[in-house]
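> Before anything else, here's the structure in question.
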Amino acid sequence: MTGELRDNRAIRLLMVNQLTINIGFYMLMPYLAAHLTGGLGLAVWLAGLVLGVRNLCQQGLFLVGGTLADRVGYKPMILAGLLLRTVGFALLGVAEQVPVLLAASALTGLAGALFNPAARAYLAQEAGERRVEAFALFNVFYQTGILVGPLVGLLLNGLAFRVTCLTAAALFAVLAVAQARALPSRRGSRAGAEGGVLTDWRAALADRRFVLFTLVMAGSYTLGFQVYLSLPLAAPEQATWIFVLSGAMAVLGQVRVTSWVSAHWSPERAMATGLAVMGLAFVPPAVAAGPVTVLVAAGLLTLGTMIVYPFEMAAVAAYGADRVGTYYGLYSTVAGLAIAIGNAAIGAALQSGAAWWALAALGGACALALRLLVGGTGRASRRAGLRDRPSGGGRRRTPQDTWSGETETT
Numbered sequence: 001m002t003g004e005l006r007d008n009r010a011i012r013l014l015m016v017n018q019l020t021i022n023i024g025f026y027m028l029m030p031y032l033a034a035h036l037t038g039g040l041g042l043a044v045w046l047a048g049l050v051l052g053v054r055n056l057c058q059q060g061l062f063l064v065g066g067t068l069a070d071r072v073g074y075k076p077m078i079l080a081g082l083l084l085r086t087v088g089f090a091l092l093g094v095a096e097q098v099p100v101l102l103a104a105s106a107l108t109g110l111a112g113a114l115f116n117p118a119a120r121a122y123l124a125q126e127a128g129e130r131r132v133e134a135f136a137l138f139n140v141f142y143q144t145g146i147l148v149g150p151l152v153g154l155l156l157n158g159l160a161f162r163v164t165c166l167t168a169a170a171l172f173a174v175l176a177v178a179q180a181r182a183l184p185s186r187r188g189s190r191a192g193a194e195g196g197v198l199t200d201w202r203a204a205l206a207d208r209r210f211v212l213f214t215l216v217m218a219g220s221y222t223l224g225f226q227v228y229l230s231l232p233l234a235a236p237e238q239a240t241w242i243f244v245l246s247g248a249m250a251v252l253g254q255v256r257v258t259s260w261v262s263a264h265w266s267p268e269r270a271m272a273t274g275l276a277v278m279g280l281a282f283v284p285p286a287v288a289a290g291p292v293t294v295l296v297a298a299g300l301l302t303l304g305t306m307i308v309y310p311f312e313m314a315a316v317a318a319y320g321a322d323r324v325g326t327y328y329g330l331y332s333t334v335a336g337l338a339i340a341i342g343n344a345a346i347g348a349a350l351q352s353g354a355a356w357w358a359l360a361a362l363g364g365a366c367a368l369a370l371r372l373l374v375g376g377t378g379r380a381s382r383r384a385g386l387r388d389r390p391s392g393g394g395r396r397r398t399p400q401d402t403w404s405g406e407t408e409t410t
């Protein structure tokens, strides 16, 4: 962590918070399906229902969680999410009846819907002009948790799945206490504002450019999720290496990639290029099937995601202005729907062999659509920082130039 970001206690705690959340989550979730079908003897469709409830509650309630963060405050929503996940994970460890398992799964999903938008809105507020750099660092901690969590879970599962669940629950409980004591309180951006929750939702949905931006970027989430779907299915023997490669690239290279991109490209060019790289990732397996081309695809897909992520997160915050939590919530909800719909379509296409070219085309279409969107004029475009910047007499761009965070209020 560098400069003023390192000196900001709230930002440091948010980074540690996300690292710990991902360790706790991924030490458990990769092994939950096997526990449900093997350890508890549930039918596959029941196991799928339990897992689906978690995803439905999280993705479906992101908008609610984000708006509550704006209204109530960021810290309360983070703490509420941590406590709910503590209870949910503990229940998953001891429950044997389907209704209890469904309730536990719903609690873990609701927890994510509460703390995810709040943490991102809090980070965007604290980082100010350093949003891009902050979200790049955030992704490093995020991916580190994804790498470490399954390894811890694998060790604990050697004892018992219940031990894994209760350890994860204890981790969330300790984190909640630590955050309650140390994380500075921050008022939500809509605290005390007139109008109700529906006012905030209508404002976000009426922001035409943000809605278009969200729809365009939703395609990137369908593409990014293929690290977990189409690529492992294409080369099952390489599944572990796909995850390791993806996580290691993000952990070791995210800050360097973001620094270089920030210094040379405008935010809109970075996002459009990243989307194009994500689409390009699926050309090698389309041309020649095999484990090598799948690993090449995973590497390119991760690189494209690394280019896009910090700038898209900063863009959402800039669009959101005084409703950042609501905007993050809406954005995440649409992304979740895109993953669900996209995976169903890609799953069908995999059987016909057309999936790779369809994914490549999706990446290209998203990149083109983004360029068309940001090429327009208007105050909303200026507000979100999505206008091409002049070269400014040849002065080398710096990370501070890439996304100032300056906004116009309406």
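If you count the sequence shown from 1, position 146 lands on 146 in full-length UniProt numbering, and the numbers rise without skipping. Where a beta carbon is used, it is the ideal one built from N, C-alpha and C, also for glycine. This structure is a prediction, so every number in the text was calculated from the model and none was measured.
Around the Cβ of H35, are there at least 16 other Cβ atoms within 10 angstroms (buried) or fewer (exposed)?
Looking up residue 35 in the sequence shown gives position 35. The residue is buried, with at least 16 neighbouring Cβ atoms inside 10 Å.
> Quick one: what does DSSP say P184 is sitting in, helix, strand or coil?
Taking the first residue of the sequence shown as 1, we reach residue 184 at position 184. Coil at P184, not helix or strand.
> Could you name each continuous alpha helix (DSSP H) segment of 4 residues or more that falls completely within the region 194–269, going from the start of the chain to the end?
Listed in chain order, the complete alpha helix (DSSP H) runs (minimum 4 residues) inside the region 194–269 are 197–206, 208–224, 230–234, 239–264.
> Taking the alpha carbon of L51 as the point to measure from, which residue in F62, L63, F225, T37 has its own alpha carbon closest?
Taking the sequence shown and counting its residues from 1, the one referred to as residue 51 is at position 51. For the residues F62, L63, F225, T37, the minimum Cα distance to L51 belongs to T37.
> Rounded to the nearest angstrom, how far is the Cβ of T164 from that of G153, given a contact under 8 angstroms?
Taking the sequence shown and counting its residues from 1, one reaches residue 164 at position 164. Taking the sequence shown and counting its residues from 1, one reaches residue 153 at position 153. Right, the Cβ-Cβ distance comes to about 5 angstroms (below 8 angstroms), so this counts as a contact.
> How far does the alpha helix (DSSP H) with E96 in it extend, from its first residue to its last?
Within the sequence shown, numbered from 1, the residue matching residue 96 stands at position 96. No alpha helix (DSSP H) holds E96; DSSP gives it neither H nor E.
> DSSP three-state label for N8, please.
Taking the sequence shown and counting its residues from 1, the one referred to as residue 8 is at position 8. If DSSP states are grouped into helix, strand and coil, N8 belongs with coil.
> With a cut-off of 8 angstroms, do at least 3 Cβ pairs link the region 322–342 to the region 238–250?
No: fewer than three Cβ pairs fall under 8 angstroms.
> For L275 versus A367, is the C-beta distance shorter than 8 angstroms?
One-based indexing of the sequence shown puts residue 275 at position 275. One-based indexing of the sequence shown puts residue 367 at position 367. Against a cut-off of 8 angstroms, the Cβ pair of A367 and L275 comes out as a contact.
> Under 8 angstroms between the Cβ atoms of E96 and T258?
Looking up residue 96 in the sequence shown gives position 96. Looking up residue 258 in the sequence shown gives position 258. It is not a contact, given that the beta carbons lie outside the stated cut-off.
> Which residue from Q18, R130, V53 puts its Cα closest to that of D7?
Walking along the sequence shown from the start, residue 7 turns up at place 7. Answer by Cα proximity: R130.
> Let me confirm a value: G196 is counted as buried when at least 16 other C-beta atoms fall within 10 Å, else exposed. Which label applies?
Working through the sequence shown from its first residue, we reach residue 196 at position 196. When all chains shown are included, G196 counts as exposed.
> Only counting runs of 4 or more residues, tell me where the alpha helix (DSSP H) segments fall wholly within the region 345–378, in order along the chain.
List check, alpha helix (DSSP H) in window: 355–374.
> Using the beta-carbon count (16 or more within 10 Å), is A111 buried or exposed?
Counting from 1 along the sequence shown, the entry for residue 111 is found at position 111. Classification of A111: buried, given that the 10 Å Cβ count is 16 or more.
> What three-state label does DSSP hand M27 in the structure shown?
Walking along the sequence shown from the start, residue 27 turns up at place 27. DSSP places M27 in coil when its eight states are reduced to three.
> Would S189 and V324 qualify as a contact pair, given that the criterion is a beta-carbon distance under 8 angstroms?
Position 189 of the sequence shown, counted from the first residue, corresponds to residue 189. Position 324 of the sequence shown, counted from the first residue, corresponds to residue 324. Cβ distance < 8 angstroms, so S189 and V324 count as in contact.
> Between Y142, W45, R12, A124, which has its C-alpha nearest Q18's C-alpha?
The sequence position of residue 18 within the sequence shown is 18, counting from 1. It is Y142.
> Quick one: give me the first and last residue of the alpha helix (DSSP H) that G128 is part of.
Reading the sequence shown from its first residue, position 128 is the one you call residue 128. No alpha helix (DSSP H) contains G128, which DSSP labels as neither H nor E.
> Do M271 and L159 have their beta-carbon atoms positioned less than 8 angstroms apart in this structure?
As a first step, residue 159 must be located in the sequence shown, where it is residue number 159. As a first step, residue 271 must be located in the sequence shown, where it is residue number 271. Not closer than 8 angstroms, so no.
> Check whether the region 173–187 touches the region 96–109, taking contact to mean three or more Cβ pairs, one atom from each stretch, closer than 8 angstroms.
Verdict: no, contact absent.
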